[in-house]
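Spelled out as structure tokens, the structure:
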């Protein structure tokens with residue numbers, strides 16, 4: 409049954425939590441390495457999703473997958489959480505949060521581009537205009553407002569941030585073939601990816617963390633970025649009379665995020681960040697309606 413007040417409540421809660429994760433990433437990475445953050449946050453997220461399913465009485469059903477479903481879970485788990493968050497955390501480790509967050513926000517534009525070869529979709533002139541506008545915003549942010557110089561603040565960090573959008577877009581393209589309940593499918597994907605995530609941490613950064621603050625940061629990321637917000641967003645879409653009514657709330661997230669980045673991380677937000685982010689959001693608004701997948 410539709411309940412627009414509940415839809416807005418869950419939608420706004422999701423947007424508020426999404427707005428804090430860029431800050432949480434940077435604070436966590438001050439206390440641990442990207443591979444460690446990947447391991448601890450993924451483990452906590454897997455436990456969180458499993459706990460949600462247990463409270464709903466659906467954990468057993470989620471685990472009773474066929475061999476084909478487990479193979480699909482593993483394939484999706486390689487994309488998310490393994491590759492996506494490993495690349496994203498490396499990008500945040502190299503870039504200021506005010507740069508990494510808006511660049512990662514262009515994943516919806518990347519999805520449009522990848523849908524051409526992978527899904528055989530034709531995109532309109534309006535979509536091409538959205539691509540141009542959004543990526544011009546990327547250049548403005550990455551060059552600190554001097555796009556004609558094409559001197560990027562950190563080329564490797566920018567490349568990783570944009571690569572993360574490719575992985576995230578691929579995840580949602582391949583996820584369209586998933587027929588299972590979304591939370592159960594996400595849980596089995598994370599569970600199947602845990603051995604790979606563990607091996608990556610073991611071979612790269614190790615498990616030892618210098619300060620307890622790192623664990624608190626990983627717990628926050630695991631619960632809110634990877635777990636609860638996904639469930640909240642699904643509930644918002646379920647209760648809403650029209651997905652666009654809550655889908656448009658996501659445009660608040662990057663601007664709210666800059667507030668947290670400024671006051672909690674102490675970053676001075678550059679005018680080029682506001683200008684570039686404005687272009688990115690304008691490009692997203694230009695896109696065809698109906699894309700309301702969580703970021």
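In my numbering, the protein residues as written are 409 to 703. For glycine and all other residues, C-beta sits at the position ideal for the given N, C-alpha and C. Predicted model, so just to flag it, every value in this text is computed and none were measured.
Euclidean distance between Cα positions of residue 456 and residue 498
Between residue 456 and residue 498, the C-alpha separation is close to 24 Å.
Based on Cα-Cα distance, which residue from 691, 579, 694, 683 lies nearest to residue 483?
When each option's Cα is compared against that of residue 483, the closest is 579.
Residue 480 to residue 594 span [Cα, whole Å]
The alpha-carbon of residue 480 is positioned some 11 Å away from that of residue 594.
Looking at residue 574 and residue 433, is the spacing between their C-beta atoms short of 9 Å?
Cβ distance not < 9 Å, so residue 433 and residue 574 don't count as in contact.
May I have the straight-line CA-CA distance separating residue 645 from residue 557, to the nearest angstrom?
Those two C-alpha atoms are separated by around 43 Å.
Given residue 649, which residues of its chain have a CB within under 8 Å of its CB, disregarding the five upstream and five downstream residues?
Around residue 649: 410, 412, 415.
Select from 673, 609, 508 the residue whose C-alpha is nearest the C-alpha of residue 446.
Nearest to residue 446 by alpha-carbon distance, out of 673, 609, 508, is 609.
If we ignore side chains and look at the alpha-carbon of each, how far apart do residue 474 and residue 600 end up?
Straight-line Cα distance between these residues: approximately 13 Å.
Can you give me the C-alpha to C-alpha distance between residue 694 and residue 665, rounded to a whole angstrom?
C-alpha separation (whole angstroms): 22 Å.
Tell me whether the segment 665 to 684 and the segment 502 to 511 touch, counting them as touching only if at least three CB pairs, one residue from each stretch, are closer than 8 Å.
These segments touch.
Supposed close pair residue 692, residue 538 - CB separation, criterion 8 Å:
At roughly 7 Å, the Cβ-Cβ gap stays under 8 Å, so residue 692 and residue 538 are in contact.
Under 8 Å, with one C-beta from each stretch per pair, do the segment 544 to 561 and the segment 609 to 621 reach the 3-pair mark?
The segment 544 to 561 makes no contact with the segment 609 to 621; the number of CB pairs closer than 8 Å stays below 3.
Presumed contact (8 Å Cβ cut-off) between residue 517 and residue 542, rounded CB distance:
Confirmed, Cβ separation roughly 5 Å.
Under a three-way DSSP split, which group does residue 553 fall into?
The three-state secondary structure of residue 553, taken from DSSP, is coil.
Can you check whether the CB of residue 658 is closer than 9 Å to the CB of residue 486?
Taking a C-beta distance under 9 Å as the contact criterion, residue 486 and residue 658 do not qualify as a contact pair.
Proximity of residue 489 and residue 623 at Cβ, strictly below 9 Å:
No. Outside cutoff.
Can you say whether residue 656 is buried or exposed, counting buried as having 16 or more other CB atoms within 10 angstroms of its CB?
A residue is called buried once 16 or more other Cβ atoms fall within 10 Å of its Cβ, and residue 656, having fewer, is exposed.
Near residue 421, which residues of its chain fall below 6 Å by C-beta distance, leaving aside the five closest residues on each side in sequence?
Excluding the 5 residues flanking it on each side, residue 421 has same chain C-beta neighbours closer than 6 Å at 640, in chain order.
Using only alpha-carbon positions, find the residue among 569, 613, 681 that is nearest to residue 441.
With distances taken between Cα atoms, residue 441 lies closest to 613.
Use the C-beta contact count for residue 687: other C-beta atoms within 10 angstroms, 16 or more gives buried, fewer gives exposed.
Around the beta carbon of residue 687, 16 or more other beta carbons sit within 10 angstroms, so the residue counts as buried.
In chain order, what residues of the same chain have a beta carbon less than 7 Å from the beta carbon of residue 470, not counting five sequence neighbours either side?
Cβ within range, chain order: 461, 592, 595, 596.
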